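Asks: Protein chains in written order, with the working numbering: chain A, 7 to 706; chain B, 7 to 706. In this text, a Cβ means the ideal position worked out from N, Cα and C, and glycines have one as well. These figures come from a predicted structure and were not determined experimentally.
2 protein chains.
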Amino acid sequence: MNSSEQIITGRTESTLYKAWLQYSEPDSSELRNLYKGMLERVVVEGGVSRIPPAAVRELSAGADTMLGVTPEFMDQIPTNGEGPYLWICLHSEENGYGADRRKWETRRDAYSLKYVLSAKEERLELIAASKAGVIYGIFHLLRGISLGFKPAQWAIEEHPVNQLRMINQWDNADGTIERGYSGRSIFYKDGEISKDLDRVRDYARLLASVGINAISINNVNVHEVETGFITEEGLPEVTRVAEVFRDYGIALFLSINFAAPIAVGGLDTADPLDAGVREWWKETSERIYRHIPDFGGFVVKADSEHRPGPFAYGRDHADGANMLADSLEPYGGLVVWRCFVYNCMQDWRDRSTDRARAAYDHFKPLDGKFKDNVLLQIKNGPMDFQVREPVSPLFGAMRATNQVIEFQIAQEYTGQQRHLCYLVPQWKQVLDFDTHAAEEGKGQVNRIVSGSLFGMKYSGAAAVSNIGEDECWTGHPLAQANLYGYGRLIWNPGLSAEGIAQEWAKLTFGSDREVIDKVTDMLMASWPIYESYTAPLGVGWMVVPHYHYGPDVDGYEYSRWGTYHFADREGIGVDRTMATGTGYAGQYFSPNREMYESLEDCPDELLLFFHHVPYGHVLHSGKTVIQHIYDTHFSGAESADGLRESWASLQGRVDAVRHKAAADRFAEQAEHAKHWRDVINTYFYRKSGVPDEHGRTIYF
Amino acid sequence: MNSSEQIITGRTESTLYKAWLQYSEPDSSELRNLYKGMLERVVVEGGVSRIPPAAVRELSAGADTMLGVTPEFMDQIPTNGEGPYLWICLHSEENGYGADRRKWETRRDAYSLKYVLSAKEERLELIAASKAGVIYGIFHLLRGISLGFKPAQWAIEEHPVNQLRMINQWDNADGTIERGYSGRSIFYKDGEISKDLDRVRDYARLLASVGINAISINNVNVHEVETGFITEEGLPEVTRVAEVFRDYGIALFLSINFAAPIAVGGLDTADPLDAGVREWWKETSERIYRHIPDFGGFVVKADSEHRPGPFAYGRDHADGANMLADSLEPYGGLVVWRCFVYNCMQDWRDRSTDRARAAYDHFKPLDGKFKDNVLLQIKNGPMDFQVREPVSPLFGAMRATNQVIEFQIAQEYTGQQRHLCYLVPQWKQVLDFDTHAAEEGKGQVNRIVSGSLFGMKYSGAAAVSNIGEDECWTGHPLAQANLYGYGRLIWNPGLSAEGIAQEWAKLTFGSDREVIDKVTDMLMASWPIYESYTAPLGVGWMVVPHYHYGPDVDGYEYSRWGTYHFADREGIGVDRTMATGTGYAGQYFSPNREMYESLEDCPDELLLFFHHVPYGHVLHSGKTVIQHIYDTHFSGAESADGLRESWASLQGRVDAVRHKAAADRFAEQAEHAKHWRDVINTYFYRKSGVPDEHGRTIYF
């Protein structure tokens, strides 16, 4: 119980593996001594068995690693009156997580950490509303110690802003990960769930440490083996995984195959209005909850990119989702229904269809038709996790439907964890965006996502994970910051991206100020840098098809995916105005729609998303579009090289293993950014014929 | 022995499966009766055991299926003097194929078929120089009957023009086929050689029927399992395959991994000058011939596209090939060493490197350094099986080195057996090309390839197969014509592409004149049609990277593969002249080099391969380049639709199964050709800004 080895079950020695849970010894000996005294004795109200073993383990490990102290857990306040102690009180009638977790109420996850000094005694009080709250509180306390919080400073009351704080694994039973850039799956091996779940346990711990409370463990594209997870044969194995996550207060979800009634149910239809199908799903949910009483629910990708769905039977998404919701309702289960629905067989010659419109066009008319245990999972933008997109106009448009925002921590289109791209600033920008769905200043996405604006029963965020079997979990050691940051940001969207970066840098690399500052600066600069040498002005999609790594300006231009830039020798961009284009701009509330509609008011960064303009069009920046392209690509590649240099300057300040691992990535990024620069510049020079004002090298 | 079921071991009933060995009953009852009488009795000089069982089986099956006759085999000329008979005489001292096959002499494969009518008797004489010759003669006889040859017309003496008539399978042990478009491998299943080799036997029969005498059975990219084929563990399984092909006079080759001494030999080097490595290969060859006495030899892809090779040890290709040749020499084995060597990590910004130059630059300096059981296998063109390329300048340039020309029957870049593209005209054009390596009219590629020009000991042709598990073998039923045509053409490059097409059409679809004519016309039109709607004027490569199906004009433009078109808003093409370009044109003999060097004399069809020209450049045809692009793409798509219509018009004349199978392909081709048309036209319109003279629809 007392050694960190029992928590980090895998590679205990590796700083790469420990991620942000390094538990480095605090620099200040004063601080060390203060906490040492305080953590030697832990009084748990009602006895230590009241609180989760994971919390006990974590506290013990943290105290041991940071302070060299082995906490003694006791039921009673010490009567000898000697010295300070930690007091933990769980305010909950419930013992299991079952009913508790299913409520998805933010107050359930609340806790407070307060320093109390009286004439009689000195103690730190952790009071939590649930077992999960105890875990969160312990992680918070240990984080605070790492960050140099003094005992007397504790006076916080915390609860998450978002109810559902979810991770989506896109892992497949064959061990591959769709859009995985960190090695193979930690969940699956050779077509089945891994026998050894130690690493999954370590992952659960990482997730709980940043407040994640839900996870779907299989790809939304549900293949054959995974379709069988919900059968009597499949469930015992899934249950093993659920148990691991339950220990950390995380509810397990499964991505399901809408055609499962046919594939594994022996029925000849999956029609959501068919009585037999409905009965089959009811039996299935009953079966699942028999094995996993606190099962979270289903994640569903239906009628999207060739996945089966209700359309095959002339039904709509509400029919499909509600059928599943009916089956889960008796157990408090949720249906997380993805809105990533569009025509992926579009004809590029057809200029009337606009993929950006698709989610809104499909789902807006269904507002109010979904049962209240259905949540629509909406990607942050209308396309697909590009480096820059406007916010999805569905946010705010659906006032009577539970919504979950979907982010992608995996850097599919943002450098695939070989380039540094800290995404928290992007997510923060999305969450802060005012949809104007409500009166002045109340329509921000984060108020919609948290459910507070429209008083939704369920709401929150989900994100595609970026982890795999890599020693450092995330391919690029610094990509850990995105996983950390996602959890922290959706717990509290009020945090700043920079604050999260600093926090992460300190937890991960220790208290060397230069390291913290430099890493923070690098993280904060990285998204703009990546944007600058890749696709300009919000146009997106200039990547190698399928792989999505590296430039291919025309790669998606004549494809079926609905992802075009329409660059010709005169200009570039997609006309999505109401006046002359696809009308997509009209899906926003005023005044956003007018802002995007107007060539003058549209922000530069999204210009080509909304307008087709000549290369000579002058931006707000005063530059022409073509010169902007050249300038950003020259400077972007330089900045990428600057990241490499910055990191190189930290040699000796960061341990050699992590330094080398990241240095290799930065070297690749610097080289690849030049390739990006040259391909993009050459492409547009060849097409526009306009030379660079500054006469820099553009290959012809 | 007497039924066709014993020959066609697979799907006996399917016309798709039977390919060109349908053995339809001759229309003419006169012909039927004449042959019926003649094939009732077959006299084999020295006894039927002198000739290959495959020949006996084939003759029996053919006679049975076409004529309803069961031949009686006898040792003696019938004394009763009644009626005509077939007389077979094998002029050979040898019984086995071993030493026989290894000689690779064209006269060994000779046979004659003569009608002899005397006062005493009437007989058809098949006289052959080898067992293989008997097989070829029997297939020729049966083909002749199918084609309506009258008995009295037989007066032929045949021998192949090329010694080595080889097929390369790019099949992998896991059952996949690199660049396979006809289903999975018939050779391998689940990581090993198929237990059931019936279909391989049927394939051997198809190959022997068109004179193929050598086959390499595994991909030139040799993976782990296949590397082990040459070990004591691997050889018994390979031997099973060798036995199947031996029955049809076809020698088995293996593609080997140059690093096999390390991978399976336990050595720490594969250096071709290392004594241990040389010894290991000697032992390996000894081992192979112990199992397979008539083993053909090795096919080697070395130092190409990341395959290991002698460069790793500072050795050259002659060192590598000669080491292998030494080991094979005692057994008469050959080394077929591929010349597809180039820098596949090229930087597109570097305009001084030209992939087209690579094979010549690498191998020309080594001329004369190879042992005489080494054959260099040279792709027909300098790039990689594009729809149009010039002939490789290596042909003729190497006067002291055995050469094999490599074709690709698999339609990797020519529609992947979903589009019709009869490639025999292309191959014929290549073989007829005068390299001017010899005095006027003697320098044709076919004289180099056959070995006659420079008196080479070994020579011939190899081609990448297009078959797989598909019912019809080749994906597109009409793609069978390419496999058939390859065998026929390299047996005798004097045959016309049209004659081969007619022959194939009649054998495959029977004697309906309209079917034969239409199919022949379609085949003959298909290569120009495919060229017209795809990459214009010899520029090549405008395909989706990796897949090579469908248009992506810039797909390879900024890649590492050395495959560029350099299209900008002014013009397009690769300057490969000596004066201002890469100098590639200088690799040809005069006057070819001057022809290609000159903008005036360069043939239109290769203009963009050799020159970068403005869109307004006027072709010999009188059209501008840009108008040529538009015109060919509009007409090409129309012609593709015309193919669909032509085939549709044969409904009822071709059996329903084959008609449907091909009709589906033609429908796809017609649709896909429109996509090609529109992508190419739009791309060049966007780039050039030049409108179509005829105002047809170009999407913008």
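Rounded to whole angstroms, what is the Cα-Cα separation between TRP567 of chain B and HIS681 of chain A?
Replies: The sequence position of residue 567 of chain B within the second sequence is 561, counting from 1. The sequence position of residue 681 of chain A within the first sequence is 675, counting from 1. Their backbone Cα atoms lie some 15 Å apart in a straight line.
Asks: Taking one C-beta from the stretch 152-167 of chain B and one from the stretch 108-123 of chain B each time, how about it: are there three or more such pairs within less than 8 Å?
Replies: Flag = yes, the stretch 152-167 of chain B and the stretch 108-123 of chain B touch.
Asks: Please compile the residues from chain A whose C-beta is within a distance smaller than 7 Å of the C-beta of TYR705 of chain B.
Replies: Along the second sequence, one-based indexing puts residue 705 of chain B at 699. Those are ARG355, listed as they occur along chain A.
Asks: For chain A, is any of its Cβ atoms less than 9 Å away from the one on GLU163 of chain B?
Replies: As a position in the second sequence, residue 163 of chain B is number 157, starting the count at 1. Chain A, which has no Cβ nearer than 9 Å to the Cβ of GLU163 of chain B, makes this no.
Asks: Alpha helix (DSSP H) containing ILE686 of chain A: first to last residue?
Replies: Position 680 of the first sequence, counted from the start, is the residue given in the question as residue 686 of chain A. That run of the alpha helix (DSSP H) goes 662-694.
Asks: My guess is that VAL707 of chain B and PRO557 of chain B are in contact by the Cβ rule of under 8 Å, so how many angstroms apart are they, rounded?
Replies: Lying outside 7 to 706, the shown extent of chain B, residue 707 of chain B is not represented and no answer is given.
Asks: Buried or exposed: where does ARG519 of chain B fall if 16 or more other Cβ atoms within 10 Å of its Cβ makes it buried?
Replies: One-based indexing of the second sequence puts residue 519 of chain B at position 513. It counts as exposed.
Asks: Note down, in chain order, all residues in the stretch 121-140 of chain A with a beta-carbon under 7 Å from any beta-carbon belonging to chain B.
Replies: For the stretch 121-140 of chain A, which is checked against every Cβ of chain B, not one residue is closer than 7 Å.
Asks: Is PRO551 of chain A close to chain B? Criterion is C-beta to C-beta, closer than 9 Å.
Replies: Counting from one through the first sequence, the residue named residue 551 of chain A turns up at place 545. So yes, PRO551 of chain A belongs to the interface.
Asks: When DSSP labels each residue in this structure, what does TYR121 of chain B get in the three-state scheme?
Replies: Counting from one through the second sequence, the residue named residue 121 of chain B turns up at place 115. TYR121 of chain B: strand per DSSP, three-state reduction.
Asks: For the alpha helix (DSSP H) that GLU537 of chain B lies in, which residues bound it at each end?
Replies: Locating residue 537 of chain B in the second sequence gives position 531, counting from the first residue. Where GLU537 of chain B is concerned, the enclosing alpha helix (DSSP H) stretches over 519-539.
Asks: At least one CB of chain B closer than 9 Å to the CB of SER694 of chain A: is that the case?
Replies: Translated into the one-based positions of the first sequence, residue 694 of chain A becomes position 688. It does: the Cβ of SER694 of chain A has a partner Cβ on chain B nearer than 9 Å.
Asks: Would you mind stating whether TYR419 of chain A and GLN383 of chain A have Cβ atoms separated by less than 9 Å?
Replies: On the first sequence, position 413 is the one that residue 419 of chain A refers to. On the first sequence, position 377 is the one that residue 383 of chain A refers to. No; because the gap between Cβ atoms is not below 9 Å, this pair is not in contact.
Asks: Just the C-alpha distance for ALA105 of chain A and GLU184 of chain B, rounded to the nearest angstrom, thanks.
Replies: If you number the first sequence from 1, residue 105 of chain A lands on position 99. If you number the second sequence from 1, residue 184 of chain B lands on position 178. Note that ALA105 of chain A scores a pLDDT of 44, beneath 50, so its modelled location is shaky and nothing firm can be said.
Asks: How far does the beta strand (DSSP E) with ARG424 of chain A in it reach, from first residue to last?
Replies: Residue numbering aside, residue 424 of chain A sits at position 418 when the first sequence is read from its first letter. Segment: none, ARG424 of chain A is in no beta strand (DSSP E) and carries neither H nor E.
Asks: Quick one: which unbroken beta strand (DSSP E) runs of 3-plus residues sit fully inside the stretch 199-228 of chain A? Chain order, please.
Replies: DSSP runs (the beta strand (DSSP E)) wholly in the stretch 199-228 of chain A: 220-222.
Asks: Please name the residue, chosen from B:ARG361, B:VAL341, B:VAL696, that lies closest to ASN349 of chain B on a Cα-to-Cα basis.
Replies: Taking the second sequence and counting its residues from 1, the one referred to as residue 349 of chain B is at position 343. It is B:ARG361.
Asks: So ASN263 of chain A packs on LEU334 of chain A, CB below 8 Å; how close in whole Å?
Replies: Within the first sequence, numbered from 1, the residue matching residue 263 of chain A stands at position 257. Within the first sequence, numbered from 1, the residue matching residue 334 of chain A stands at position 328. The pair is not a contact, with the Cβ atoms about 16 Å apart (cut-off 8 Å).
Asks: Which residues does DSSP list as the beta-bridge partners of ILE384 of chain A?
Replies: What you label residue 384 of chain A is simply residue 378 of the first sequence in a count that begins at 1. Partner(s): A:ILE411.
Asks: If we call anything under 9 Å between Cβ atoms a contact, is TYR337 of chain B one with PHE304 of chain B?
Replies: On the second sequence, position 331 is the one that residue 337 of chain B refers to. On the second sequence, position 298 is the one that residue 304 of chain B refers to. No, the Cβ-Cβ distance between TYR337 of chain B and PHE304 of chain B is not below 9 Å.
Asks: Mind pulling the beta strand (DSSP E) runs of 3 or more residues that sit fully within the stretch 230-275 of chain A?
Replies: If we require 3 residues or more, the beta strand (DSSP E) runs fully inside the stretch 230-275 of chain A come out as 257-262.
Asks: Extract the residue ranges of the alpha helix (DSSP H) inside the stretch 451-511 of chain B, only unbroken runs of 4 or more that lie entirely within it.
Replies: Complete alpha helix (DSSP H) runs here, min 4: 451-455, 486-497.
Asks: With burial defined as no fewer than 16 other Cβ atoms inside 10 Å of the residue's Cβ, what is the status of GLU446 of chain B: buried or exposed?
Replies: Taking the second sequence and counting its residues from 1, one reaches residue 446 of chain B at position 440. By the neighbour-count rule (16 or more Cβ atoms within 10 Å), GLU446 of chain B is not buried but exposed.
Asks: Do the CB positions of GLY89 of chain A and GLY43 of chain A come within less than 9 Å of each other?
Replies: What you label residue 89 of chain A is simply residue 83 of the first sequence in a count that begins at 1. What you label residue 43 of chain A is simply residue 37 of the first sequence in a count that begins at 1. It is a contact, given that the beta carbons lie within the stated cut-off.
Asks: Going by CA-CA distance only, name the one from B:SER398, B:ALA416, B:ASP180, B:ARG284 that's closest to TYR555 of chain B.
Replies: Within the second sequence, numbered from 1, the residue matching residue 555 of chain B stands at position 549. The option with the nearest alpha carbon to TYR555 of chain B is B:ALA416.
Asks: How long is the line joining the alpha carbons of ARG142 of chain B and GLY217 of chain B, rounded to whole angstroms?
Replies: To locate residue 142 of chain B, count along the second sequence from 1; it is residue 136. To locate residue 217 of chain B, count along the second sequence from 1; it is residue 211. Note that residue 142 of chain B is Tyr in the sequence shown, not Arg. In a straight line, the C-alpha of TYR142 of chain B is about 6 Å away from that of GLY217 of chain B.
Asks: Counting contacts by CB-CB distance shorter than 9 Å, is HIS700 of chain A in contact with chain B?
Replies: As a first step, residue 700 of chain A must be located in the first sequence, where it is residue number 694. For HIS700 of chain A, the answer is no, since every Cβ of chain B falls outside 9 Å of its Cβ.
Asks: Rounded to whole angstroms, what is the Cα-Cα separation between ARG205 of chain B and ILE192 of chain B?
Replies: Mapped onto the second sequence, residue 205 of chain B falls at position 199. Mapped onto the second sequence, residue 192 of chain B falls at position 186. C-alpha separation (whole angstroms): 7 Å.
Asks: For LYS307 of chain A, name the three-state secondary structure that DSSP assigns.
Replies: Residue 307 of chain A sits at position 301 when you count from the first residue of the first sequence. In this structure, LYS307 of chain A counts as coil in the three-state DSSP scheme.
Asks: Name the chain B residues whose beta carbon is nearer than 7 Å to that of ASP684 of chain A?
Replies: In the first sequence, counting from the first residue as 1, residue 684 of chain A sits at position 678. Within chain B, the residues near ASP684 of chain A are ARG355.
Asks: For ALA134 of chain B, which three-state DSSP category applies?
Replies: As a first step, residue 134 of chain B must be located in the second sequence, where it is residue number 128. The answer is strand: DSSP assigns ALA134 of chain B an E or B state.
Asks: Chain A partners of PRO77 of chain B, CB-CB under 7 Å?
Replies: To locate residue 77 of chain B, count along the second sequence from 1; it is residue 71. Within 7 Å Cβ-Cβ: nothing; PRO77 of chain B doesn't reach chain A, min ~53 Å.
Asks: Expressed to the nearest angstrom, what Euclidean distance is found between the alpha-carbon atoms of GLU475 of chain A and GLY189 of chain A?
Replies: Counting from 1 along the first sequence, the entry for residue 475 of chain A is found at position 469. Counting from 1 along the first sequence, the entry for residue 189 of chain A is found at position 183. Whole-angstrom Cα-Cα distance: 5 Å.
Asks: Assuming the contact rule is C-beta atoms closer than 8 Å, PHE616 of chain B and ARG582 of chain B should be a hit. Round their C-beta distance to whole Å, please.
Replies: Locating residue 616 of chain B in the second sequence gives position 610, where the first residue counts as 1. Locating residue 582 of chain B in the second sequence gives position 576, where the first residue counts as 1. About 5 Å; that satisfies the 8 Å criterion.
Asks: Taking GLU412 of chain A as the reference, give the member of A:SER55, A:VAL559, A:ASN168, A:ASP277 with the closest Cα.
Replies: Looking up residue 412 of chain A in the first sequence gives position 406. Closest option to GLU412 of chain A, Cα to Cα, is A:ASN168.
Asks: May I ask you to check if the CB of THR540 of chain A is nearer than 8 Å to at least one heavy atom of the ligand ADP?
Replies: By its list of ligands, the structure shown contains no ligand whatsoever, and the ligand ADP lies outside what it can speak to.
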